[in-house]
Every structure is written in C-alpha cells, then in structure tokens.
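Peer 1:
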Amino acid sequence: MKINYLTEKDILVINARVIQREGATGQKPHVRDAEGLHFLVVQPKQTSFGQELYPSFAEKAGILLIKLVKKHVFEDANKRTTAIAFLLFLRRNSYELTCDWQDIANQILKIAQIDDNELNYQEIYQWINQVIHEN
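First residue of the sequence shown? That's 1 in UniProt numbering, and the numbers climb one at a time after it.
1) Look up residue 97 in the DSSP assignment and say whether it is helix, strand or coil.
2) Quick check: the stretch 58-78 against the stretch 15-22, are at least 3 beta-carbon pairs closer than 8 Å?
3) Quick check on the DSSP output: the alpha helix (DSSP H) that includes residue 114 runs from which residue to which?
4) Just how far apart, CA to CA, sit residue 99 and residue 105?
5) Suppose you measure from the CA of residue 52 to the CA of residue 22; what does that come to, to the nearest Å?
6) So, are the CB atoms of residue 86 and residue 61 less than 8 Å apart?
7) Is it the case that the Cβ atoms of residue 116 and residue 70 are separated by a distance below 8 Å?
8) Quickly, what does DSSP pair residue 31 with across the bridge? List them, please.
9) What's the gap between the Cα of residue 36 and the Cα of residue 124?
10) Assuming residue 88 and residue 132 make a contact with CB atoms under 8 Å, what is their CB distance in whole Å?
11) Please work out which residues of its chain come closer than 6 Å, Cβ to Cβ, to residue 128, disregarding the five sequence neighbours upstream and downstream, and give them in chain order.
12) Per DSSP, which residues does residue 56 bridge with? Please list them.
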C-alpha cells in the first residue's frame, strides 16, 4: 500500500490557516521547534533493519497524532493543527472517520495530559483502527 504522507509544509499551512481563522488579531504562526516538526513528519516512515517501525496504517496515523500533540512544535494552535492534520492524513490515504470531532478532541486532550512514558501507544493505535474505515 502506497502511503501519502504529510509534509512539513502541509502542517505549517494547516497551522497558519488555523491561526488566521481562530487566532488573536495580528497573531502570526510561529514554529517553536523546527527539528521536532521534521522529526514527526518522518517518524511514520521510519525503518529499522529493513522493517517498518509503524507497519500498519493505524500505527502511522497514530504516531503522527501522538507526536504532533507531544512535540508541541508551534507557538499556538497545536491541538487544533493536530486534529486537522490527522484528518488530512486519513483523507489523503482514502480513509474516513466513523467518530465525531468530540471523540478526536477527547483523544487529543488525553494524549496531551498523559506523560509520554506512561502513554499506551497500542491503545491509541487500536482506537484509530476502530474509528477509521477505508473508502
């Protein structure tokens, strides 16, 4: 299966549009962690000894979702940017959500509130498997 991954530019554009639409007057998008942004874009593609670290689509989508929340690469609108980027990644790969926006928001808030070393990644991948379907 060919995966259409998001680029740094895709995520930057999403953040800029979110801030333009919902940010404070005159607020400009600002990247706090350019290296972190690069890392989270390439992480779903990572391999080790020829094996994908995130072999399933749900794992690729999940690691993108988790790291967008955890890396906090933007000055503002990180969670909103995450939700839209997650949805765009699904759509680019012919997947749709079977849950509503509140479920996504709840999952993003849960990820944000739990320390990374205590976060159950497999649980998030399973949740994604349950709430997406391929077109």
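C-beta atoms are modelled at their ideal positions from N, C-alpha and C, and glycine is treated no differently.
Peer 2: Based on what the coordinates show:
1) As a position in the sequence shown, residue 97 is number 97, starting the count at 1. Three-state DSSP puts residue 97 in a strand.
2) yes
3) Along the sequence shown, read from residue 1 onward, the residue named residue 114 stands at position 114. Unbroken run through residue 114: none, as it is neither H nor E.
4) Here residue 99 corresponds to residue number 99 of the sequence shown, with the count starting at 1. Here residue 105 corresponds to residue number 105 of the sequence shown, with the count starting at 1. Spanning the two alpha carbons is a distance of roughly 11 Å.
5) Residue 52 sits at position 52 when you count from the first residue of the sequence shown. Residue 22 sits at position 22 when you count from the first residue of the sequence shown. If I take the Cα positions, the gap works out to 37 Å.
6) For the purposes of this step, residue 86 is identified with residue 86 of the sequence shown, where counting begins at 1. For the purposes of this step, residue 61 is identified with residue 61 of the sequence shown, where counting begins at 1. Closer than 8 Å, so yes.
7) For the purposes of this step, residue 116 is taken as the residue at position 116 of the sequence shown. For the purposes of this step, residue 70 is taken as the residue at position 70 of the sequence shown. Yes.
8) Stepping through the sequence shown from its first residue, residue 31 is reached at position 31. Bridge partners of residue 31: 74.
9) Indexing the sequence shown from 1 puts residue 36 at position 36. Indexing the sequence shown from 1 puts residue 124 at position 124. Answer to the nearest angstrom: the Cα atoms are 21 Å apart.
10) As a first step, residue 88 must be located in the sequence shown, where it is residue number 88. As a first step, residue 132 must be located in the sequence shown, where it is residue number 132. Not quite, the Cβ-Cβ distance comes to about 13 Å (not below 8 Å), so this is no contact.
11) Here residue 128 is taken as the residue at index 128 of the sequence shown, counted from 1. For residue 128, where only same-chain residues beyond five positions count, the Cβ hits under 6 Å are 58, 61, 62.
12) As a working mapping, residue 56 is identified with position 56 in the sequence shown. According to DSSP, residue 56 bridges with nothing at all.
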